[in-house]
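Student: Protein chains in written order, with this note's numbering: chain A, 362 to 663; chain B, 47 to 186.
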Amino acid sequence: MTQDQGAIVADRIDEAGLMATAEDQLLPQLVAHLREHRTRLRHEWAERIQGAGLLHAMTPQEMAAETTSVYDNYVEVLETGSVQALQRYARDLSERIIPRGVETHEVVGIVLLLRDVLARSLFEKYQRDFALLNRVLDAYEPAANRIANTVAVSFVEERERVIRQQQDSIRELSTPVLPVRERLLILPIIGVLDSERARQLTDQLLNGIRTHRARVVVIDITGVPEVDESVADHLVRTVDASRLMGASVIITGLSPLIAQTLVTIGVDLSKMDTIGDLQGGLEEAERLLGYTAAREDGTGGP
Amino acid sequence: MTTTGPRLVSILRQGPYLIASIHTALDDTQMTDFQHDLVERIGRDRSRGVVIDVAALDVLDSFGTRTLRTIAEVARLRGAVTVVVGIRPDVAFAMVALGMDTGPLRTALDLEEGLDVLDRLVAPGRSTSRSRSTPGSRTA
Numbered sequence: 362m363t364q365d366q367g368a369i370v371a372d373r374i375d376e377a378g379l380m381a382t383a384e385d386q387l388l389p390q391l392v393a394h395l396r397e398h399r400t401r402l403r404h405e406w407a408e409r410i411q412g413a414g415l416l417h418a419m420t421p422q423e424m425a426a427e428t429t430s431v432y433d434n435y436v437e438v439l440e441t442g443s444v445q446a447l448q449r450y451a452r453d454l455s456e457r458i459i460p461r462g463v464e465t466h467e468v469v470g471i472v473l474l475l476r477d478v479l480a481r482s483l484f485e486k487y488q489r490d491f492a493l494l495n496r497v498l499d500a501y502e503p504a505a506n507r508i509a510n511t512v513a514v515s516f517v518e519e520r521e522r523v524i525r526q527q528q529d530s531i532r533e534l535s536t537p538v539l540p541v542r543e544r545l546l547i548l549p550i551i552g553v554l555d556s557e558r559a560r561q562l563t564d565q566l567l568n569g570i571r572t573h574r575a576r577v578v579v580i581d582i583t584g585v586p587e588v589d590e591s592v593a594d595h596l597v598r599t600v601d602a603s604r605l606m607g608a609s610v611i612i613t614g615l616s617p618l619i620a621q622t623l624v625t626i627g628v629d630l631s632k633m634d635t636i637g638d639l640q641g642g643l644e645e646a647e648r649l650l651g652y653t654a655a656r657e658d659g660t661g662g663p
Numbered sequence: 047m048t049t050t051g052p053r054l055v056s057i058l059r060q061g062p063y064l065i066a067s068i069h070t071a072l073d074d075t076q077m078t079d080f081q082h083d084l085v086e087r088i089g090r091d092r093s094r095g096v097v098i099d100v101a102a103l104d105v106l107d108s109f110g111t112r113t114l115r116t117i118a119e120v121a122r123l124r125g126a127v128t129v130v131v132g133i134r135p136d137v138a139f140a141m142v143a144l145g146m147d148t149g150p151l152r153t154a155l156d157l158e159e160g161l162d163v164l165d166r167l168v169a170p171g172r173s174t175s176r177s178r179s180t181p182g183s184r185t186a
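Structure representation (structure tokens):
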């Protein structure tokens, strides 16, 4: 132990008026060191970030601002041992940078880089006293790992929250029940059908039949990339239930892939009315409803 | 109906059709009584079509479903077409999810639609009968 460090330890004991263990004194010591060399270490870190090609979605000014905040938060957590403020900051940061396309590996990457930069600086400072160095690193490493973990988890949580939010809005938007003519509804489905969406779709369709007094419904699944067995089953049930309510259902836009899937998994589609495309479906629906389409120039309808 | 108390079912005559409304959940005996009464009325009134309105029911169990199917088949043998109307969305989905076999049972959204279906199914063979008084747009 150098003269200088011994003095700090002694000071602290005097201040607190009690015997603190040497370990307790190590963290404040290294925090003081990291604060003192803040500017130099932060520059070193920023260079490492650039060198690793991380965060290129951000401008240099933004980078400078964010790295300063991250650095200060980092040191503060080392000092207080409380990650709450950091958690808040990490979430806030994630909220700002996720829409700009910053990836999980970048965020985790910069925190790990900072951890390494600081560890190296501690190594340089204490390398003459091997035993002390070991104790310093023992104190530093768990705290640093905890910080990296907190930041990574906060980022992922925020990302998941965004994803959930987007899923919800997709759900809300994606199953419109559209009245096209008296007694005729169209239900275009876009995107992947999972069981939750299938359930919601059934709900909207059956209630839509009642509200609009529909006699024919055209469900267009051109925009559905794939269906699994349970969703196909659900679809069949929905069609049956619609029939019980007095509406005929025509399914259009079955892709070759979905058609083959349905046949392969053996869903009973014999009772399902399917027509190639939406245009054909509408024509059939109008026929069922007794409409006849004719062109004004007399060349005849479809 | 032999049951005393408030009426559980009403069977009304409308031209060549019968309109049977179920007002409340029926137990199995009441359901069977309903079946007998209705089939009896078809012959007495020389009905050509029957609309059974189940809009008041928030559940249709397998016995109920089977009875409706039986009524439709018996009515057909007695010369009348049967349409069940007013199955609610959740009831419809539950029936399908529970795998109830509705067979060739005809269904329509509500009473108006049910009468419309009967007009379409019955009218072609009804050329000499008196026309039922309906709003102009709906005559077959």
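All residues carry an ideal CB built from backbone N, CA and C; glycine is no exception.
Please indicate yes or no: does the CB of Ile626/A lie closer than 8 Å to some heavy atom of the ligand GDP?
Tutor: This structure does not include the ligand GDP; it has no bound ligands of any sort.
Student: Quick one: which residues of the stretch 151-173 of chain B get their C-beta closer than 7 Å to a C-beta of chain A? List them in chain order.
Tutor: Thr153, Ala154, Leu155, Glu159
Student: Does the stretch 64-74 of chain B come into contact with the stretch 639-651 of chain A, if we say contact requires no fewer than three beta-carbon pairs (one atom in each stretch) closer than 8 Å?
Tutor: no
Student: Please state whether DSSP places Thr653/A in a helix, a strand or coil.
Tutor: coil
Student: Measuring only between beta-carbons, confirm whether Ala608/A sits less than 9 Å from chain E.
Tutor: Given the protein chain composition of this structure (A and B), no chain E is represented.
Student: Secondary structure at Gly569/A, three-state DSSP: helix, strand or coil?
Tutor: helix
Student: Could you name each continuous alpha helix (DSSP H) segment of 4 residues or more that falls completely within the stretch 461-526 of chain A, going from the start of the chain to the end?
Tutor: 465-487
Student: Quick check on DSSP: helix, strand or coil for Gly412/A?
Tutor: Here Gly412/A carries a helix assignment [DSSP, helix/strand/coil].
Student: Taking C-beta pairs closer than 8 Å, name the residues in chain A that Pro135/B reaches, listed in chain order.
Tutor: Asp564, Leu567, Asn568, Ile570, Arg571, Ala602, Met606
Student: How far does the beta strand (DSSP E) with Ala66/B in it reach, from first residue to last?
Tutor: First-last of the beta strand (DSSP E) with Ala66/B: 63-68.
Student: Output the distance between the C-alpha atoms of Val168/B and Ser93/B, rounded to the nearest integer angstrom.
Tutor: 11 Å
Student: For Leu639/A, which residues in the same chain have their Cβ closer than 8 Å to its Cβ, ignoring the five residues on either side in sequence?
Tutor: Ile547, Pro549, Val579, Asp581, Thr583, Thr613, Gly614
Student: Counting only Cβ pairs nearer than 9 Å, list the residues of chain B close to Arg598/A.
Tutor: Phe139, Val142, Ala143
Student: Tell me the DSSP secondary structure of Val628/A in three-state form.
Tutor: Coil, per DSSP.
Student: Can you list, in chain order, the residues of its chain with a C-beta nearer than 8 Å to that of Gly89/B? Leave out the 5 residues immediately preceding and following it.
Tutor: Arg124
Student: Could you check the C-alpha separation between Ile458/A and Pro537/A for me, to the nearest Å?
Tutor: Distance between the alpha carbons of Ile458/A and Pro537/A is about 33 Å.
Student: Name, please, each residue of chain A whose Cβ falls closer than 8 Å to the Cβ of Val131/B.
Tutor: Among the residues of chain A, those whose CB is under 8 Å from the CB of Val131/B are Gly607, following chain order.
Student: If contact means a Cβ-Cβ distance below 7 Å, which residues of the stretch 50-70 of chain B contact chain A?
Tutor: Those residues of the stretch 50-70 of chain B that come within reach of chain A (Cβ to Cβ, closer than 7 Å) do not exist; the list is empty.
Student: Tell me the residue span of the beta strand (DSSP E) that contains Thr153/B.
Tutor: 152-154
Student: Following the continuous alpha helix (DSSP H) through Ile88/B, name the residue where it begins and the one where it ends.
Tutor: 74-91
Student: Cβ atoms of Val127/B and Gly188/B: under 9 Å apart, would you say?
Tutor: The structure shown does not extend to residue 188/B, since chain B is modelled only from 47 to 186, so the question has no answer here.
Student: Please report how far the alpha carbon of Ala418/A lies from the alpha carbon of Leu479/A, in whole angstroms.
Tutor: 25 Å
Student: Report the rounded CA-to-CA distance for Ile471/A versus Ala500/A, giving the unit in angstroms.
Tutor: 21 Å
Student: With a threshold of 16 other CB atoms inside 10 Å of the CB of Asn434/A, please say whether the residue is buried or exposed.
Tutor: buried
Student: For Arg542/A, decide whether its Cβ has a neighbour in chain B, counting only Cβ atoms nearer than 9 Å.
Tutor: Contact with chain B is absent for Arg542/A, since none of that chain's Cβ atoms lies less than 9 Å from the residue's Cβ.
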